[in-house]
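Protein chains in written order, with the working numbering: chain E, -7 to 748; chain B, 9 to 389.
Beta carbons: idealized from backbone N, C-alpha and C, even for Gly.
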């Protein structure tokens, strides 16, 4: 039955085989060649477009730290929500055009209202974006935090809006200290680009390298298991470590704010510099702004002014101007006439050149004739015969005009330039005011006797506060002009130091001995001259007051300033305080010096600088209350006596059961410790209003009321010092023996201007 | 050998002689490549659907072992005894093809599966081999009659039409096409008058052109497939989604491919990438080079099957061998033409590659039959 394949079958097998191989497999291969080799790129792009719909991962910006590693600015992951208007569609099957239109409208409203509710954006603006059907991407909101992002995700999945609404990674900048150092740090815009301050200046450094995620999506927009994701991690930007010390910055800001408010000033600004390195420890402008909310104007007085404007255009303009003003770093961008503070520069130059000596004497008769002008001294009756140190203490203008004239135009200009007043300091912040020859200061060619005379006491030219404090620091550190800086280190993602700023000495301006001499004279200014309100026991504060009328401004607008160095015998920090357009008291010695005093006291304590008291000061320094609780009354009296303290015993027992002030609390030497010998309630007393009292009046009042009086401020300047503030407000009920700190300042002999 | 051949009824059930190693090597090469590609293409979908990346490959692996065992066992059977199954197979197939109409539908309007426990299989899988066996047997038995008597031609043709028709009624268009193609090939090789084919091919061509031109006359499902094939922009997220994603995958492969395991399109873009569209993932991962190599392997299989047939000592063995490899070949070709969007998407799987346990076992059993035939052929092995 079986037979071999017939010839016909062999022939037909051959034909069929050829058909299958050539026509079948051949066609398949030709098709593959077409799809893969000819059109491959096109399909690959189509495929990638859907697979890599969103491939960029934003890099976190670098962190900004203070010198102790406290975080001043930090970025965190956030999200960006967008819509794809081109994909907001409805099923068009079996529907009329009107039905489709209505359904589309309803869907757009659903999307808009839903997103508006979750993200707190305007529903109408979202709706308008949803009408841009040719667009595939309309950003709704960036910097969306996790909670809101999760709600958007739920909204998408509940309504199956996968094609219409998208979420992509974003970052958000946080400023943990809100307004602290705001004008230094600056802020970023919504696109994570720095637009003010260090955020702007160091934008390139702080900005990281974006990462890529390949295959973030699968075919149903679900999340892909991680092993299918090829990702190139985003590289965080470089972090900055500032020279700013958060503690000192806070102290400066608190004091400046008080001064700004009490002087009803236009602004107040201050700087604290490490004199050895030129590092800025603190730098502030008041009023400032909240970095987390930079567009809101914080100053209430400015807000009141803006509210008063009725015209909407003008109002908007005023708001914009106010914003720019609160963002402005006045310590580097503004210029002012330094006034009498500048006398130390004239003095240093004259001493260095030998045209003036300590023994030089001159008699001030209340004014001096310069060319065709008679320039008055602020003390109309004249200071009489003074030596150089007394002239500085009195801030005598005719004396310094004479010194300046002796120095001559050429030398004056030489030192003016040497101290850095004709150039920017080069601080690593943007917006530093650039000195302009012939505009902000006199050129040598155009400087006549009149200009030289007024320049000698700091008038008719303008400098920036950063220039002034850098020059003061040069006097404090033995004559070296430093390049100020604010970024100490740059750190990579792991915290390794990749760049460290080394202090830069620009030049030796004056000799060390000249610098010491000037510093000594400045110390006298504080201990007995116009700067006495900057006195802080134990720290030999060396300073100079200044009060200048503002050029170009309306009449009677002044800048009151004070610059000092502490400790005077071993300078560590230089401080400059300036109050712009104060109302009422306008002298630097009256309103700026007390700010510096408080600051010196606090900063020295923070930096653990040991005070060195003079014998006179020893009698007034404070002591810590000893532990006497539990002792017999006799023992307690003995211990108190050893500490230069007195006691007052209340009760009938033999042993002390309670003491006020408590153990360890700071109290004045010769103060009274109240000892209770039984369990009775504490006896109370009422704190009086000390403001306006003289030292002796305050002491008497405190004594009468059973309070311990702690004195802050200059207690040695004679009978003309008066209390102006106290730490416990009046009418507060406190136990007997409580310590009240009262701040004193001098109201006479601190004026250095002809105005106030 | 001569003795054995004549002693059919002496009970020499065990085939003598060696099987064709070349054919076995081609089969194993295809099987192993297929399993590797199934794992690569299917793990992502398996992960999403079953939360287990190994879901498909473990099941397919088990069936591959069963299938290879069955293949080796069948290859030991003297192929002459397969004649027994010629009519038996037809009867069973007919029964199964009819019974699906009364079983619960797998999907609205679809009758093509039978479920036994958790396993499902398509009666058409059995019908395909049954019809090969039947025609091989019948064309040998009535060798002379079919050349002379036109009534025989009608009877034979009627069998093909009944089977293909039943499969078509199950809404399994590709199965019906396949069935028809196999029948035509068998009758052609069996020695039917060439005019039948000239007339038949002409009629089929006319029919195809008619339906392509009037797709709405077909059932909605099949009709839409044709529309989606003609209109490349038709319903991109629906009817054409799978094809478009397949083209993206194939195109992405380029000349050298993305690399084994590196397909992106298998991550829920190409629907059911372990199934009918597995070849698209193969193209994406292995590129034109790899895809062509695999096509050549299939071509080799077909060629070797024909060589075995030409060296066979019986018409039955020759027709059986050719019928089986032709069936694998035509199915492969149709599958490739579907994934490359050359013909409408009809739902046809790729032998050795696509996921499906019962069909793999059936396929390997058929390979066993070819090996059995090869034992008795004059081929240099």
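DSSP lists E/686, E/737 as the bridge partner or partners of residue 714 of chain E. Residues of chain E with a Cβ closer than 7 Å to the Cβ of residue 233 of chain B do not exist, since the nearest Cβ in that chain sits about 18 Å away. Shown in chain order are the members of the segment 13 to 28 of chain E whose Cβ falls below 8 Å from a Cβ of chain B: 13, 16, 17, 19, 20, 21, 23, 24, 25, 27, 28.
Not one beta carbon of chain B lies nearer than 8 Å to the beta carbon of residue 128 of chain E.
Counting only runs that start and end inside the segment 547 to 625 of chain E, the beta strand (DSSP E) elements of at least 3 residues fall at 550 to 558, 565 to 572, 614 to 616. A Cβ-Cβ distance of about 20 Å is found for the pair residue 139 of chain B and residue 16 of chain E, leaving them out of contact under the 8 Å criterion.
A residue is called buried when at least 16 other Cβ atoms come within 10 angstroms of its Cβ; residue 519 of chain E meets this threshold and is buried. The Cβ-Cβ distance between residue 640 of chain E and residue 666 of chain E falls below 8 Å. Residues of the segment 230 to 260 of chain E with a C-beta atom less than 9 Å from some C-beta of chain B do not occur.
Sorting B/124, B/123, B/200 by C-alpha distance to the C-alpha of residue 152 of chain B places B/200 at the top. Beta-bridge partners assigned by DSSP to residue 71 of chain E: E/136, E/161. Short of 6 Å from the beta carbon of residue 283 of chain B, and not among the five residues preceding or following it, lie these beta carbons of its own chain, in chain order: 362, 363. Contact annotation: in the segment 316 to 329 of chain B, residues whose CB is within less than 7 Å of a CB in chain E are 317, 318, 320, 321, 322, 323, 324, 326.
Contact check for residue 236 of chain E against residue 478 of chain E passes: the beta carbons are separated by less than 8 Å.
In this chain, the alpha helix (DSSP H) harbouring residue 192 of chain E covers 189 to 193.
Taking 8 Å as the CB threshold, residue 20 of chain B stays off the interface with chain E.
If you look at residue 153 of chain E, you'll find it isn't in any alpha helix (DSSP H); DSSP assigns it neither H nor E. Only exposed fits residue 77 of chain B, as fewer than 16 other CB atoms lie within 10 angstroms of its CB. Runs of the alpha helix (DSSP H) lying entirely within the segment 390 to 462 of chain E and spanning at least 4 residues, in chain order: 441 to 448. Listed as beta-bridge partners of residue 492 of chain E by DSSP are E/481. Within the segment 61 to 78 of chain B, no residue has its Cβ closer than 7 Å to any Cβ of chain E. Proximity of residue 34 of chain E to chain B, defined by a Cβ-Cβ separation below 8 Å, is satisfied. Setting aside the 5 residues that flank it on each side, residue 301 of chain E is surrounded in the same chain by 307, 310, each with a C-beta closer than 6 Å to its C-beta; the list follows chain order.
Residues 579 of the same chain have their beta carbon placed closer than 6 Å to that of residue 743 of chain E, with the five preceding and five following residues left out of the count. Using beta-carbon distances, residue 31 of chain E counts as an interface residue toward chain B, with a partner under 8 Å.
Residue 325 of chain B is bridged by DSSP to nothing; it lacks a bridge partner. B/178 is the residue among B/299, B/178, B/160, B/57 whose C-alpha sits nearest the C-alpha of residue 104 of chain B. Under DSSP, residue 260 of chain E takes part in a beta bridge, and its partners are E/278, E/571. If you look at residue 536 of chain E, you'll find it in the beta strand (DSSP E) that goes 534 to 541.
Residue environment for residue 386 of chain B: exposed (fewer than 16 other C-beta atoms within 10 angstroms of its C-beta).
Burial is judged here by how many other beta carbons sit within 10 angstroms of a residue's own beta carbon; residue -3 of chain E has at least 16 and is buried.
Counting the other CB atoms within 10 Å of its CB gives residue 281 of chain E a total of 16 or more, which places it among the buried residues.
Counting only the Cα atoms, residue 509 of chain E lies some 17 Å from residue 564 of chain E. Shortest Cα-Cα distance from residue 167 of chain B to any of B/365, B/194, B/156 involves B/194. For residue -2 of chain E, the chain B residues whose C-beta falls within less than 9 Å of its own C-beta are 151, 199, 323, listed in chain order. Residues 49, 52, 281, 289 of the same chain have their beta carbon placed closer than 6 Å to that of residue 274 of chain B, with the five preceding and five following residues left out of the count.
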